[in-house]
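Number of protein chains: 2
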Amino acid sequence: MAVKLGKGVLRMHNKNEFMEQLRQRGYKLTKQRQAILGVLMDLEKPLATAQHIFEKVVEINPGINFSTVYRNLDVLEQEGIVRKIAFDQGAAYYELIDGKHHHHLICKSCGKVQCVEYCPLRDMPMKEGFVPTDHSFEVFGFCKECMQAKLMDDERRKGKE
Amino acid sequence: MAVKLGKGVLRMHNKNEFMEQLRQRGYKLTKQRQAILGVLMDLEKPLATAQHIFEKVVEINPGINFSTVYRNLDVLEQEGIVRKIAFDQGAAYYELIDGKHHHHLICKSCGKVQCVEYCPLRDMPMKEGFVPTDHSFEVFGFCKECMQAKLMDDERRKGKE
DNA sequence: TTGTGTGCAAAGACTTTGCAGGCCG
DNA sequence: CGGCCTGCAAAGTCTTTGCACACAA
Numbered sequence: 010m011a012v013k014l015g016k017g018v019l020r021m022h023n024k025n026e027f028m029e030q031l032r033q034r035g036y037k038l039t040k041q042r043q044a045i046l047g048v049l050m051d052l053e054k055p056l057a058t059a060q061h062i063f064e065k066v067v068e069i070n071p072g073i074n075f076s077t078v079y080r081n082l083d084v085l086e087q088e089g090i091v092r093k094i095a096f097d098q099g100a101a102y103y104e105l106i107d108g109k110h111h112h113h114l115i116c117k118s119c120g121k122v123q124c125v126e127y128c129p130l131r132d133m134p135m136k137e138g139f140v141p142t143d144h145s146f147e148v149f150g151f152c153k154e155c156m157q158a159k160l161m162d163d164e165r166r167k168g169k170e
Numbered sequence: 010m011a012v013k014l015g016k017g018v019l020r021m022h023n024k025n026e027f028m029e030q031l032r033q034r035g036y037k038l039t040k041q042r043q044a045i046l047g048v049l050m051d052l053e054k055p056l057a058t059a060q061h062i063f064e065k066v067v068e069i070n071p072g073i074n075f076s077t078v079y080r081n082l083d084v085l086e087q088e089g090i091v092r093k094i095a096f097d098q099g100a101a102y103y104e105l106i107d108g109k110h111h112h113h114l115i116c117k118s119c120g121k122v123q124c125v126e127y128c129p130l131r132d133m134p135m136k137e138g139f140v141p142t143d144h145s146f147e148v149f150g151f152c153k154e155c156m157q158a159k160l161m162d163d164e165r166r167k168g169k170e
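First to last, the protein sequences are chains A and B.
Its first residue numbered 10, the first sequence is counted upward by one per residue in the working numbering.
Its first residue numbered 10, the second sequence is counted upward by one per residue in the working numbering.
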């Protein structure tokens, strides 16, 4: 069932499977919903804001409203199809729950997001009696490229002193 | 320098140390700033929203404005005195960076927050070249008490069927 | 046909900002 | 006394909601 895409990306589901899941749970298969799902599955980056998703969906389905996007992202989150991530106070990010569970390395300089399969819940000694259901884990810093640029910049600045 | 409080809590700094740190960095020691710092050090729970902090500060310093609280929480964050945490899309939480580095277990039922000293950055295999500077790690679930209540509730419901 | 879903507009929650005057150092 | 800080009010950003109509089943 898993589909092999370019660059070794594994896609566990296709759009029809998700639509079927929604249908079975009593949701209607509107064209807006299909467009949103389509966009989520085609995202080139792992994370996208509602704004970003909206802009893409508009191309497929002109006239769609922002609140429709929000409402459906909510539905997809309830159904376990999408994960919502909030860092800083800006807009929330969304990503399809598809393939392996993972977390993110986010570059504070260029914004690049890398996925890592390591999950801290594996190693963490759980406090007695606490039953975890969800967790957030995101690492911010500088990616290889930006770190190198930064070092060169520091070097240059040092020379000027 | 560390001060031992009740229940084994270790406080690494006192208010004067923080004020001194601010002074040295060129900040003025206004009564608003002192009140905010005082409130942060006296919080009974590990995390507090700006709203919560504001309400406490008003008791000490009536007439203080909400934007002053926000502006100073920003300053304290810049200075590494306070950490800002955002989960869900609601208000951000703040906590004093004092004592050991830690993360949180948050009960989705009663809202209780427990601190855990485990930090995932210790065990995580870092992607080559990435230099981490910050990270978020919060675990949501049910605390012992709420889990038990939940189980009893499920049991009761089962009986009614 | 029925009621879930949508578009529209408005409100809501949280946070930030511009400006005139106040207070710390 | 100078400039950082504050209070106030307004605006900004992101998200949610109420309502009438539309469309999937």
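We put the CB at the ideal spot given by N, CA and C, even for glycine.
Nothing here was measured: the structure is a model prediction, and the numbers come from that model.
Rounded to the nearest whole angstrom, the C-alpha separation of residue 45 of chain A and residue 97 of chain A is 25 Å. Of the residues B:147, B:162, B:141 and B:152, the one whose Cα lies closest to the Cα of residue 155 of chain A is B:141. Within chain B, no residue has its beta carbon less than 9 Å from that of residue 119 of chain A; the closest one is some 12 Å off. Residue state for residue 97 of chain B is assigned as coil, using DSSP reduced to three classes. In this structure, A:85 is the residue among A:57, A:157 and A:85 with its C-alpha nearest to the C-alpha of residue 28 of chain A. Annotation: Cβ neighbours of residue 95 of chain B in chain A (cutoff 7 Å, chain order): 95, 96, 97 and 98. Closer than 8 Å to the CB of residue 127 of chain A there is at least one CB belonging to chain B.
Burial check for residue 41 of chain B: the Cβ neighbour count within 10 Å reaches 16 or more, so the residue is buried. Looking from the CA of residue 89 of chain B, the closest CA among B:57, B:80 and B:106 belongs to B:106. Residue pairing from DSSP places residue 115 of chain B in a beta bridge opposite B:122 and B:149. By DSSP's assignment, residue 104 of chain B forms a beta bridge with B:92. For chain A, the residues of the stretch 133–148 of chain B that bring a beta carbon within less than 9 Å of one of its beta carbons are 133, 134, 135, 136, 137, 138, 139, 140, 141, 142, 143, 144, 145, 146, 147 and 148, in chain order. Within the same chain, and ignoring the five residues on either side of residue 152 of chain A in sequence, the residues whose Cβ sits closer than 8 Å to its Cβ are 114, 116, 118, 119, 121 and 123. The Cβ atoms of residue 50 of chain A and residue 129 of chain B do not sit closer than 8 Å to each other. Each of B:137, B:139, B:136 and B:112 was checked against the Cα of residue 126 of chain B, and the nearest Cα belongs to B:112. 101, 112, 114, 116 and 117: these are the residues of the stretch 101–120 of chain B whose beta carbon lies less than 9 Å from some beta carbon of chain A, given in chain order. Setting aside the 5 residues that flank it on each side, residue 78 of chain B is surrounded in the same chain by 45, 59, 62, 63 and 66, each with a C-beta closer than 7 Å to its C-beta; the list follows chain order. Less than 8 Å divides the Cβ of residue 103 of chain B from the Cβ of residue 91 of chain B. A direct Cα-Cα distance of roughly 44 Å separates residue 72 of chain A from residue 157 of chain A. Closest in alpha carbon position to residue 36 of chain B, among B:81, B:22, B:136 and B:161, is B:81.
Those residues of the stretch 31–58 of chain B placed with their C-beta closer than 8 Å to a C-beta in chain A do not exist.
In the DSSP assignment, residue 47 of chain B falls within the unbroken alpha helix (DSSP H) covering 40–51.
Residue contact check for residue 72 of chain A against chain B: no CB pair falls below 8 Å. Sequence-distant partners of residue 38 of chain B (beyond 5 residues in either direction) whose C-beta falls short of 8 Å from its own C-beta, in its chain, are 28, 31 and 32. When secondary structure is reduced to three states using DSSP, residue 61 of chain B falls in the helix class.
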